[in-house]
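Chains as they are written, first to last, in my numbering: chain A, 1272 to 1490; chain B, 341 to 554.
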């Protein structure tokens, strides 16, 4: 309940300041436009659009999801949070916020891809939905803990993608594989290894993040 | 009435190789006002941050107890009220929204009557629906007091409590400190004589600077 109150505060704050939403919206629009201009009238393969989808998602996450902690640090309200809640509450509240933001962001990106790229055809929608769901949770967890780590650093902009790349790489590679399977129309049973990898990634990252956050949060 | 106690056990703090203070041993108890004084850079804010568990000492321990109950660091925020110049409330919210959110996140019920009483006492009741962005620094300082006191904390830490306040504001704050000291433990970090004049005991940090290098 306390975490949900913190999420509500963050969401209300986001609606008023538009720190993350504007950054994400602009990034998505610009990136997809650049891809479309560079492709022109060329036909691109299904697999390539699947790959491009996750590239756009990865970099969009880099541009917007760090705001959860960075905006608190920039406004000097980190101490205020310290005084109101335990580290576990703070991490859960920020995680709920990032999960919602990732889902909204990725729904918009996927919708735009299916609208603008004729070769982006998913044959097994359920398999793609499972990958999308587990992938978004993984991206949100990783982005939240990395945002907490970099929020106290002086070169936040550089550090965020540098730290995110090795942490998100196994997740993105598995998601690329599953998207390819979904485009080929493979069954869920045939993709169980990759789905299991995604579940393991989410559980490990979630547990490690909750355990580590106490140390990261305190100066 | 249950007493809140804070034990400072052999506290030592270094920033890099620079010693801030060494060997602070003190027991602080409810219904007392303790002062922390010392020249600039002597570690007043550092000491109160260590007491509030916002930073860790290099060595030593701080134990918090409410009656016989040992307060763990994860639950300290429920017992603590903190005012300082480096505390900022959310500019994009009104004063009232800031207070409501603080209660909700702390998991305590928003006591509108107490909030309105404190807002009136600190003369910002009429501006409670205004965004904090539009507040003067003095008004923000007054709001920080309400933020710190609304949940009726047992330990109140005030780092330079009268900074940015005019004389009437200081008088109100002194009155509030006197009222709260009847039930809470108060620690004031300041160099203002008028602030330290309220204290029952003053910790002079210069006495705890034994070395200059690690």
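No residue lacks a Cβ here, since even glycine has one placed at the ideal position from N, Cα and C.
With respect to the 8 Å criterion, residue 373/B and residue 517/B are classified as neighbours on the basis of their beta carbons. Using beta-carbon distances, residue 1366/A does not count as an interface residue toward chain B, since no partner is under 8 Å. Across the set 1384/A, 1442/A, 1437/A and 1385/A, the C-alpha of 1442/A shows the shortest separation from the C-alpha of residue 1404/A. Interface annotation, residue 1423/A: not in contact with chain B, CB-CB separation never under 8 Å. In this structure, residue 427/B places its C-beta atom within 8 Å of the C-beta atom of residue 484/B.
Contacts with chain A at 8 Å (Cβ-Cβ) include residue 428/B. By the 16-neighbour rule on beta-carbons within 10 angstroms, residue 1394/A is exposed. Within the region 419-477 of chain B, the alpha helix (DSSP H) runs of at least 4 residues that lie entirely inside it are, in chain order, 435-446 and 452-461.
Chain B places a beta carbon closer than 8 Å to that of residue 1356/A, counting this residue as a contact.
Assignment of residue 394/B by DSSP, reduced to helix, strand and coil, places it in the coil class.
If you look at residue 1289/A, you'll find it isn't in any alpha helix (DSSP H); DSSP assigns it neither H nor E. For the pair residue 1344/A and residue 435/B, the Cα-to-Cα distance works out to about 20 Å. An exposed status is given to residue 449/B, since fewer than 16 other beta-carbon atoms sit within 10 Å of its beta-carbon. Residues of chain B whose Cβ lies closer than 7 Å to the Cβ of residue 1351/A are, in chain order, 427, 428 and 429. In the DSSP assignment, residue 345/B falls within the beta strand (DSSP E) that extends over 344-355.
For residue 1348/A, at least one C-beta of chain B is nearer than 8 Å to its own C-beta. Secondary structure of residue 540/B (DSSP, three-state): coil. Beyond the five residues adjoining it in sequence on each side, residue 1333/A comes within less than 7 Å, by CB distance, of 1431, 1432 and 1435 in the same chain, given in chain order. Looking only at 1409/A, 1367/A and 1352/A, the smallest Cα-Cα distance to residue 1278/A is reached by 1367/A. Using a CB distance cut-off of 8 Å, residue 1287/A counts as an interface residue toward chain B. Counting only unbroken stretches of 4 or more residues, the alpha helix (DSSP H) elements lying wholly within the region 1326-1412 of chain A are 1338-1346, 1349-1355 and 1358-1387, in sequence order.
Secondary structure at residue 1420/A: helix, using DSSP grouped into helix, strand and coil.
Spatial neighbours of residue 1283/A in its own chain (CB-CB distance under 8 Å, excluding positions within 5 residues in sequence) are not present. Around residue 1315/A, the same chain offers 1390 as residues with beta carbons nearer than 7 Å, after the five sequence neighbours per side are excluded. If you look at residue 1477/A, you'll find it isn't in any beta strand (DSSP E); it sits in the alpha helix (DSSP H) that goes 1463-1488.
Taking C-alpha positions only, residue 1318/A is separated from residue 1452/A by approximately 10 Å.
Residue 1312/A: not part of any alpha helix (DSSP H); DSSP gives it neither H nor E.
In the three-state DSSP reduction, residue 507/B falls in the helix class (H, G or I). For a Cβ distance threshold of 9 Å, residue set 444 and 447 of chain B lies close to residue 1272/A, ordered along the chain. The region 354-365 of chain B and the region 469-487 of chain B do not touch, with fewer than three beta-carbon pairs separated by less than 8 Å.
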